[in-house]
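Residue numbers (the numbering used here): 342 to 1231.
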């Protein structure tokens, strides 16, 4: 065979030499892929031949190792493309074969194309092919384990992953793909049309998705190509055997279409934006509306009141990193220009975003965000080993948003959590290290008020609507980004008004999100903290990362792009105060990171990264104050001298999940106990008031009654929690209602209340006296409000018990079938892993996730039939049991 190829090579060379005659040759074509002497490690091999102007495509011919393959090529933009395999004469060195890739894997490709007259262009390319295989096995819970040699291509690894995930979650992947593309109304009808309009407006165009894939590194392209090929292998199986069609497709009457690289990129960019607290928020618009309202109603007091409600840095905030210098607080705001009416504008934009999330939630496609995690150094553990716990909170659907798996092949050695449709392990562990991810708070989003002269038409989008006519929308952009108000923008019908200005959305991760796949690959392959930190730079979303490794290190990073911004007012949309300010997404502030903390741990629950980091610019959820639910993590570790067992670190999850307050989790009573108690005791308390204080003094801080034995399944809420929650909320109402009504969240106002109670000792000192009431007959001091609020609450609650059977449930709802499962409510994670590292790698891994690995439902006799692994994890997850996961030597 080699002799024949060499003879063929001589023929090709002779033809090439003949083709150099100046009268006969022209540069009409080039073989772009494979590259010269490229060593290809998967099949089919993609061949692309670019055709220059003057080439006649009808004359194109091609040969591989002497075999004509012209018919394998199809016309594409600017050339010809083919996918070649062994049936086309491709020579391959198999992984387990003896010999050399330069012998058995040698391939010679030649192409010929003619131009005008008798000119012709003959090109040839030598390349080599070596392939391998992987195996996929499943455990008794249905979790997949992919294994193979270290030489196997990433393509085959992720082909196996794509196939395994698609076999389990094809319907779920369909809803995610359609969310990324904005094609939900094609199957759900007119109810999802506004969702699609929203997505089409802010997503990348098809051309941008294609270019984004082409710009990825070759290894990352292999990952995506393989993953897509694996999904499509499952779809072909369904096409060949209709009994494999998932129930949902059958019920809605359509077949799954093949996936493309662009689909993966569309979905990952939308997923990442769901995890960004600023990307889908309208805080700057809300702030402008608030400032205008305060100015109208309170005049000269407006700047002071606005400062109290929209601080950007509270030194008393709970932080992942300590001992970092504090940043300066925000400057006093300048008056907002009155050329715009921000009240109705902010409400319209806020409603649009909220309705977008609500419509996705109705079809169980909305991705929620939140997470807790901690990593403890060996100085605080009984074994002397670092232990990490990660608990991402991503909502509760049927099936769950997460799946679990393991890869040991191609130089990868990793297990952990993934999301269907995303090629890679997102939260994982390797023989070297493990990590967590929790939603961070980089300042990623700014709104710009635009002049109509700055907009341009980017493209038209056609939306197919089930049961209705197609809808065509224009997508306009400015230099800052997509026009998000009006939505969709149409200059033919647009009528400028103060309440309806043109608004553009500028997003710091725009154009960087696709590199997150590279980031996941880098996180998996890292062999040091430096390499892990380098991979963080490719993660196109703001996330807190906790980290532990076998060298005994613990570390922390916050990923995401937070550009350097010029000094100015960034709590408001640009153009609301003076000239708009600009920033470059390539120029970032210093990354928040730390290693081997002196206090012996890192941890948090979506709180502030470090004391010097400003936040809260485009959303009040990131306006961090003295109270944050994360305090329960810090309290636990700060009050523990050390000697923590694996179980101590792991079971903290159940302890904090059974706390509840503003934002889900935490115990706000700790922050007001002294002030509230003193106010009551100084006011000649009644027996009923003293009994209320005694109840709270004896309370364990958990909303579930009955102690630890009831935390997993008990259904009663503690009477003390009922009293505490009602009392604090009543104090908030009586303090702020006369100025703000119900326009601000209790979570935000509780911190403003704490600032007020602390007075001059507060990290943020209020300018305005919020305790003074406009109604002269109402309480006028903090103490008077606290006592009056307690009296009202005790009257409203009536006789005990108050919390019987009041815990509530977490329902797991399916898109079409409703609630399939339910468990007692808690502020718990969707996935969890706990990993302890010895000097040679993990010595113990435990994990859990809801329902089961499979989400596959088949249709039999018109009825749904659940996969055996649809509910196989309920015995583990429902009781917070966790389960052992195999170590890497197993």
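Think of the CB as a built atom: it goes at the ideal place given N, C-alpha and C, for glycine as much as any other residue.
Everything numeric in this text was worked out from a predicted model, so none of it was measured.
Per DSSP, the bridge partner or partners of residue i
{"i": "residue 753", "result": "750"}
{"i": "residue 899", "result": "885 and 933"}
{"i": "residue 448", "result": "468"}
{"i": "residue 788", "result": "846"}
{"i": "residue 1162", "result": "1153"}
{"i": "residue 1240", "result": "Any answer about residue 1240 is impossible in this case: the structure gives the chain only from 342 up to 1231."}
{"i": "residue 759", "result": "744"}
{"i": "residue 660", "result": "949"}
{"i": "residue 943", "result": "716"}
{"i": "residue 1045", "result": "1058"}
Element boundaries [beta strand (DSSP E), containing residue i]
{"i": "residue 885", "result": "884–890"}
{"i": "residue 476", "result": "475–479"}
{"i": "residue 732", "result": "728–733"}
{"i": "residue 389", "result": "386–392"}
{"i": "residue 416", "result": "415–417"}
Residue i, DSSP secondary structure in three states
{"i": "residue 376", "result": "coil"}
{"i": "residue 562", "result": "helix"}
{"i": "residue 1010", "result": "helix"}
{"i": "residue 1229", "result": "coil"}
{"i": "residue 985", "result": "strand"}
{"i": "residue 774", "result": "strand"}
{"i": "residue 1153", "result": "strand"}
{"i": "residue 482", "result": "coil"}
{"i": "residue 423", "result": "strand"}
{"i": "residue 795", "result": "helix"}
{"i": "residue 618", "result": "coil"}
{"i": "residue 994", "result": "helix"}
{"i": "residue 402", "result": "strand"}
{"i": "residue 925", "result": "coil"}
{"i": "residue 816", "result": "strand"}
Distance, residue j Cα to residue i Cα
{"i": "residue 455", "j": "residue 424", "result": "23 Å"}
{"i": "residue 1019", "j": "residue 1114", "result": "21 Å"}
{"i": "residue 1061", "j": "residue 1110", "result": "30 Å"}
{"i": "residue 772", "j": "residue 891", "result": "8 Å"}
{"i": "residue 549", "j": "residue 1119", "result": "60 Å"}
{"i": "residue 1002", "j": "residue 830", "result": "40 Å"}
{"i": "residue 815", "j": "residue 800", "result": "6 Å"}
{"i": "residue 919", "j": "residue 1026", "result": "54 Å"}
{"i": "residue 534", "j": "residue 544", "result": "15 Å"}
{"i": "residue 349", "j": "residue 407", "result": "Here the model assigns residue 349 a pLDDT of 49, short of 50, so the residue's position is not dependable, and the following value carries that caveat. In a straight line, the C-alpha of residue 349 is about 6 Å away from that of residue 407."}
{"i": "residue 410", "j": "residue 471", "result": "21 Å"}
{"i": "residue 364", "j": "residue 460", "result": "Any answer about residue 364 is weak, because its pLDDT of 37 lies below 50 and its placement is not dependable; what the coordinates show is given next. Approximately 7 Å between the Cα atoms of the pair."}
{"i": "residue 551", "j": "residue 602", "result": "8 Å"}
{"i": "residue 1056", "j": "residue 1138", "result": "19 Å"}
{"i": "residue 1064", "j": "residue 770", "result": "43 Å"}
{"i": "residue 401", "j": "residue 556", "result": "28 Å"}
{"i": "residue 1077", "j": "residue 1145", "result": "31 Å"}
{"i": "residue 1206", "j": "residue 586", "result": "12 Å"}
{"i": "residue 743", "j": "residue 844", "result": "35 Å"}
{"i": "residue 395", "j": "residue 369", "result": "7 Å"}
{"i": "residue 1103", "j": "residue 665", "result": "19 Å"}
{"i": "residue 584", "j": "residue 577", "result": "12 Å"}
{"i": "residue 1220", "j": "residue 1053", "result": "6 Å"}
{"i": "residue 296", "j": "residue 834", "result": "For the chain, the structure presents residues 342 to 1231; residue 296 sits outside this window and is missing."}
{"i": "residue 591", "j": "residue 676", "result": "58 Å"}
{"i": "residue 596", "j": "residue 380", "result": "37 Å"}
{"i": "residue 705", "j": "residue 761", "result": "14 Å"}
{"i": "residue 1000", "j": "residue 1008", "result": "6 Å"}
{"i": "residue 877", "j": "residue 973", "result": "27 Å"}
{"i": "residue 917", "j": "residue 682", "result": "10 Å"}
{"i": "residue 910", "j": "residue 968", "result": "25 Å"}
{"i": "residue 419", "j": "residue 453", "result": "16 Å"}
Host alpha helix (DSSP H) of residue i (start-end)
{"i": "residue 627", "result": "624–639"}
{"i": "residue 717", "result": "Residue 717 -> not in any alpha helix (DSSP H); beta strand (DSSP E) instead, spanning 712–717."}
Min CB distance residue i to chain B below 9 Å
{"i": "residue 597", "result": "No chain B is present in this structure, which holds just one protein chain."}
heavy atom of the ligand NAP below 8 Å from residue i C-beta
{"i": "residue 949", "result": "The ligand NAP is absent from the structure shown, which contains no ligand whatsoever."}
Entirely within the stretch 1174–1224 and at least 3 residues each: give me those beta strand (DSSP E) ranges in chain order.
1182–1189, 1198–1201 and 1204–1207
May I have a chain-ordered list of the alpha helix (DSSP H) segments no shorter than 4 residues that lie completely inside the stretch 825–891?
857–866 and 870–877
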